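J.:
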Amino acid sequence: MFPVSCEQNRSTLGEFLAPWPLSVLDVPALRRTGLRPVPVRQFTLKVHSRCNLTCTYCYIYHGVDGSWRDHPPRVSASVMRQTAHRIAEHVRTHELSEVRIALHGGEPLLSGPGVLVDYIRTIRAALPADCALRATVQSNGTLLTEQALGRLAQEGIRVGLSLDGGTAAFNRRRVDHAGRPSWRRAVRAARLLARNPQSYAGLLCTVDVTADPGEVYRSLAALRPPVLDLLLPHGNWSNPPPGLPVRAPEAARTGARGATPYGDWLAAAFDQWWGSRANEGPPPRIRIFSEIIALLLGLPSALEAVGLSPTAAIVVETGGKIEQLDSLKQTYEGAVVTGLDVFHNSFDESLDHPGVAARQIGVAALGVTCRACPVMAVCGGGNYAHRYREGSGFRHPSVYCHDLERLIRHVAAALASATGNERPVPAVSARPPTAMP
Numbered sequence: 002m003f004p005v006s007c008e009q010n011r012s013t014l015g016e017f018l019a020p021w022p023l024s025v026l027d028v029p030a031l032r033r034t035g036l037r038p039v040p041v042r043q044f045t046l047k048v049h050s051r052c053n054l055t056c057t058y059c060y061i062y063h064g065v066d067g068s069w070r071d072h073p074p075r076v077s078a079s080v081m082r083q084t085a086h087r088i089a090e091h092v093r094t095h096e097l098s099e100v101r102i103a104l105h106g107g108e109p110l111l112s113g114p115g116v117l118v119d120y121i122r123t124i125r126a127a128l129p130a131d132c133a134l135r136a137t138v139q140s141n142g143t144l145l146t147e148q149a150l151g152r153l154a155q156e157g158i159r160v161g162l163s164l165d166g167g168t169a170a171f172n173r174r175r176v177d178h179a180g181r182p183s184w185r186r187a188v189r190a191a192r193l194l195a196r197n198p199q200s201y202a203g204l205l206c207t208v209d210v211t212a213d214p215g216e217v218y219r220s221l222a223a224l225r226p227p228v229l230d231l232l233l234p235h236g237n238w239s240n241p242p243p244g245l246p247v248r249a250p251e252a253a254r255t256g257a258r259g260a261t262p263y264g265d266w267l268a269a270a271f272d273q274w275w276g277s278r279a280n281e282g283p284p285p286r287i288r289i290f291s292e293i294i295a296l297l298l299g300l301p302s303a304l305e306a307v308g309l310s311p312t313a314a315i316v317v318e319t320g321g322k323i324e325q326l327d328s329l330k331q332t333y334e335g336a337v338v339t340g341l342d343v344f345h346n347s348f349d350e351s352l353d354h355p356g357v358a359a360r361q362i363g364v365a366a367l368g369v370t371c372r373a374c375p376v377m378a379v380c381g382g383g384n385y386a387h388r389y390r391e392g393s394g395f396r397h398p399s400v401y402c403h404d405l406e407r408l409i410r411h412v413a414a415a416l417a418s419a420t421g422n423e424r425p426v427p428a429v430s431a432r433p434p435t436a437m438p
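Going by the working numbering, the sequence shown opens with residue 2, and the numbers climb by one from there.
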């Protein structure tokens, strides 16, 4: 664990690197206006802080934040019990009817299925009887066996897999510490889950713009996931994603539109998904597409990557530290730190941290560029971590600004065509983007 002085130093550094929101957002003033926090409903609980793979693009182990080294490798029984107590406390305080638990790592199965089962049983025993618990574990699949899956299934724990596509070639970057490919073991896990759909949470795939989007989609759909997450690689204005030409955030919506490689990739994948034929079987739900469609129809978002709905999620590390979402680890060292832990602090206290509050205030977290954007209601500024710029913080458009607009307009056009509506979808203005102050 970090000494207190080290965390204080990181907090001070964070205020310099990200003054908005850490030193600018006045959370007490927000509360005085009557703006109440949204309670935490999604808890990401770290079971093992190490991984048996070393994927070349991993922002946890190859990124700017090396704090994983300071966390205990495995969660202890005392941390499990205290975390369960804090979750139950939060549920009772806010009279929650359901909480979602994501067991995470590292690779959580490095601890074996028994620890995952124990963690969920401990939480379930602490929760009020009228609060439902939805549990998943996110794994690279290399350690998932039929016996392990059976134990998890008995406790109602579903399994999500991380893959880069449905072939060995697409997964060439997912290797172990000796440089050996993980594909053979990972695809075995995917096929096992396809035979046990009640335990199959879905697949998570980080977009690689050098791969063919149609082939990636078809190969993943062939593994029969109920849900498919296509994620933009984590990057920001100070550390741009691979293959994305960027300028400064002030110029995000001025001048020439420029290339939109990720928007083009996702639009092509959308066309494959949207055009799926009935005889191919039911397509997986692709959350970024279904969420954009919902937002275009005026519904609230349930995904942080788009929309303006408040984020109500928190992380508990293996040693009990309460942290912000892992996506911040690609911004600067210590960006996830809150200074809180389950032994001394409630989850309600974490809601008043400026970084957590900033993800719950919708339009108020966006700068003038985003507020004047014709697709703002759908884009919502994109993933919070993708807005970062060193020295100013997170009140910028997403580094994927143009790509997100490209995708949103593409989906809007498909939706308008399918509904026979020749006019623009209401959530998207037809006017072209203009220069912003």
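Even for Gly, the Cβ is constructed at its ideal location relative to N, Cα and C.
What you are looking at is a predicted structure, and each value in this text was computed from that prediction instead of being measured.
Secondary structure at Y201, three-state DSSP: helix, strand or coil?
T.: What you label residue 201 is simply residue 200 of the sequence shown in a count that begins at 1. Strand.
J.: Distance check for N240 and P434, CA to CA, integer angstroms please.
T.: As a first step, residue 434 must be located in the sequence shown, where it is residue number 433. As a first step, residue 240 must be located in the sequence shown, where it is residue number 239. Note that P434 has pLDDT 41, beneath the 50 cutoff, so the model's placement of it is unreliable and the number below is only indicative. Distance between the alpha carbons of P434 and N240: 25 Å.
J.: Looking at the secondary structure, which residues open and close the alpha helix (DSSP H) in which K66 lies?
T.: Taking the first residue of the sequence shown as position 1, residue 66 is located at position 65. The amino acid occupying residue 66 in the given sequence is Asp; Lys does not appear at that position. Where D66 is concerned, there is no enclosing alpha helix (DSSP H), given that its DSSP letter is neither H nor E.
J.: Name the DSSP bridge partner or partners of H105?
T.: On the sequence shown, position 104 is the one that residue 105 refers to. Answer by DSSP bridge pairing, in chain order: K47.
J.: Given a cut-off of 8 Å, decide if W238 and G389 are closer than it, judged by their beta-carbon atoms.
T.: Residue mapping note: residue 389 aligns to position 388 of the sequence shown, counting from 1. Residue mapping note: residue 238 aligns to position 237 of the sequence shown, counting from 1. Correcting the residue type first, residue 389 is Tyr in the shown sequence and not Gly. Against a cut-off of 8 Å, the Cβ pair of W238 and Y389 comes out as a contact.
J.: Rounded to whole angstroms, what's the CA-CA distance from P234 to H403? Just pull it up for me.
T.: Locating residue 234 in the sequence shown gives position 233, counting from the first residue. Locating residue 403 in the sequence shown gives position 402, counting from the first residue. Looking at the two C-alpha atoms, the distance is approximately 15 Å.
J.: For A149, collect the residues of the same chain with a Cβ closer than 8 Å to its Cβ; drop the 5 residues on either side in sequence, then sort them by chain order.
T.: The sequence position of residue 149 within the sequence shown is 148, counting from 1. For A149, where only same-chain residues beyond five positions count, the Cβ hits under 8 Å are L110, G113, P114.
J.: Among the candidates M81, G215, I102, whose CA atom is the shortest distance from the CA of D342?
T.: As a first step, residue 342 is located in the sequence shown; it is residue number 341 there, counting from the start. Answer by Cα proximity: M81.
J.: Using only CA atoms, which one of I102, T94, C52, A127 lies nearest to Q83?
T.: Along the sequence shown, one-based indexing puts residue 83 at 82. Cα-wise, what sits closest to Q83 is A127.
J.: Per DSSP, what kind of secondary structure is S310 in: helix, strand or coil?
T.: Translated into the one-based positions of the sequence shown, residue 310 becomes position 309. If DSSP states are grouped into helix, strand and coil, S310 belongs with coil.
J.: Where does T57 fall in DSSP's three states?
T.: As a first step, residue 57 is located in the sequence shown; it is residue number 56 there, counting from the start. Correct three-state label for T57: coil.
J.: So, do the stretch 311-327 and the stretch 45-53 have three or more beta carbon pairs nearer to each other than 8 Å?
T.: Flag = yes, the stretch 311-327 and the stretch 45-53 touch.
J.: Using alpha carbons as the reference points, say which of T370, V188, L408 lies closest to I289.
T.: Here residue 289 is taken as the residue at index 288 of the sequence shown, counted from 1. The candidate whose alpha carbon is nearest that of I289 is L408.
J.: Can you grab the Cα-Cα spacing for the pair A130 / G320, in whole Å?
T.: For this step, residue 130 is matched to residue 129 along the sequence shown. For this step, residue 320 is matched to residue 319 along the sequence shown. Using only the alpha carbons, I get a separation of about 28 Å.
J.: Do A270 and Y218 have their C-beta atoms within less than 8 Å of each other?
T.: For this step, residue 270 is matched to residue 269 along the sequence shown. For this step, residue 218 is matched to residue 217 along the sequence shown. In contact: A270 and Y218 (Cβ atoms closer than 8 Å).
J.: Leaving out five residues on either side along the sequence, give the residues of the same chain with a beta carbon under 6 Å from the beta carbon of G167.
T.: Along the sequence shown, one-based indexing puts residue 167 at 166. Cβ within range, chain order: S220, L221, A223, L224.
J.: Helix or strand or just coil, what does DSSP make of E16?
T.: The residue you call residue 16 lines up with position 15 of the sequence shown. Three-state result, E16: helix.
J.: Assuming L245 and V400 make a contact with CB atoms under 8 Å, what is their CB distance in whole Å?
T.: Sequence index remark: in the sequence shown, residue 245 carries index 244 (1-based). Sequence index remark: in the sequence shown, residue 400 carries index 399 (1-based). Yes, they are in contact, since the Cβ atoms of L245 and V400 sit about 7 Å apart, within 8 Å.
J.: Between the alpha carbons of S6 and L144, how many angstroms are there, rounded?
T.: The count along the sequence shown starts at 1 and reaches residue 6 at position 5. The count along the sequence shown starts at 1 and reaches residue 144 at position 143. Its pLDDT being 43, under 50, S6 is placed unreliably by the model, and the measurement read from it follows with that caveat. Looking at the two C-alpha atoms, the distance is approximately 38 Å.
J.: With H, G and I counted as helix, E and B as strand and the rest as coil, what does DSSP make of A260?
T.: Start at 1 with the first residue of the sequence shown, and residue 260 comes out as number 259. Reduced to three states, the DSSP call for A260 is coil.
J.: Just reading off the alpha helix (DSSP H) that Q155 is part of, what are its end residues?
T.: Counted from its first residue, the sequence shown places residue 155 at position 154. Where Q155 is concerned, the enclosing alpha helix (DSSP H) stretches over 147-155.
J.: Return the residue from the list P182, T146, L204 that minimises the CA-CA distance to R189.
T.: Within the sequence shown, residue 189 is the residue found at index 188, counting from 1. Checked all of P182, T146, L204; the closest Cα to R189 is T146.
J.: Alpha carbon to alpha carbon, how far is A202 from Y333? Give it in angstroms, no decimals.
T.: Working through the sequence shown from its first residue, we reach residue 333 at position 332. Working through the sequence shown from its first residue, we reach residue 202 at position 201. The straight-line gap from Cα to Cα measures roughly 31 Å.
J.: Please name the residue or residues paired with K330 in a DSSP beta bridge.
T.: Along the sequence shown, one-based indexing puts residue 330 at 329. DSSP lists no partner for K330.
J.: Using beta-carbon positions only, say whether A268 and H411 come within less than 8 Å of one another.
T.: Taking the sequence shown and counting its residues from 1, the one referred to as residue 268 is at position 267. Taking the sequence shown and counting its residues from 1, the one referred to as residue 411 is at position 410. Against a cut-off of 8 Å, the Cβ pair of H411 and A268 comes out as a contact.
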